[in-house]
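Q:
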Amino acid sequence: MSNQSFQKLFSPDEANELIPRLELLIREMQVALKTLRSRVAALAVNDDRLVNLTLPQIIERYPELRGPGEAMAEAVSQIESLGCFLKDVDQGLVDFPFDNGGEVAFLCWQSGEPSLIAWHSIEGGFSGRQPLPGAAKPYLN
2 MSNQSFQKLF
12 SPDEANELIP
22 RLELLIREMQ
32 VALKTLRSRV
42 AALAVNDDRL
52 VNLTLPQIIE
62 RYPELRGPGE
72 AMAEAVSQIE
82 SLGCFLKDVD
92 QGLVDFPFDN
102 GGEVAFLCWQ
112 SGEPSLIAWH
122 SIEGGFSGRQ
132 PLPGAAKPYL
142 N
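For the record, in the sequence shown the residue sitting at position 121 is 122 according to the working numbering, with numbers rising by one throughout.
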């Protein structure tokens, strides 16, 4: 993947500066997702067709779900506008493209980590996390 594939390449310091904002956005999305799941589960009791629908289709069918759906979409949009990639809402995983010695890779952050501790190749994903030099060494994976 070339550098032009990404809006921005981050340094670890630049990515760390975004963590407080990302932590808030992730929490907002997790609350909205929990609300959506709860409401959809309640609706599914009386509408077994929901099992075959995507979340956007369910929201279209049940307008009362638009609020939490829009809250999630707005948070995702804000994260993407920063140049980051939301990988998993439940785990709070966010990737930041960075130049890893001439090769583009991802700095990887998980909600709850006070700062970046890891990176992974573009193909490697969360399970391929490697420690950042000089980063705190709590757990990886």
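Glycine is no exception: its CB is placed at the ideal position from the N, C-alpha and C atoms.
Everything numeric in this text was worked out from a predicted model, so none of it was measured.
Express the C-alpha separation of residue 23 and residue 30 in angstroms, rounding to a whole number.
A: 10 Å
Q: Among 46, 47, 40, which one has its Cα closest to the Cα of residue 68?
A: 40
Q: Grouping DSSP H, G and I as helix and E and B as strand, with all else coil, what is residue 169?
A: A query on residue 169 cannot be resolved here, the shown segment of the chain reaching from 2 to 142 and no further.
Q: Go ahead and label residue 174 buried or exposed: buried means 16 or more other beta carbons lie within 10 angstroms of its beta carbon, across all protein chains shown.
A: Outside the displayed range of the chain (2 to 142) lies residue 174, so it cannot be described from this structure.
Q: Could you tell me which whole alpha helix (DSSP H) segments of length 4 or greater appear in the stretch 51-113?
A: Segments of the alpha helix (DSSP H) lying fully in the stretch 51-113: 56-62, 67-82.
Q: With a Cβ-Cβ cutoff of 8 Å, do residue 10 and residue 98 count as a contact?
A: Between residue 10 and residue 98, the gap from beta carbon to beta carbon is short of 8 Å.
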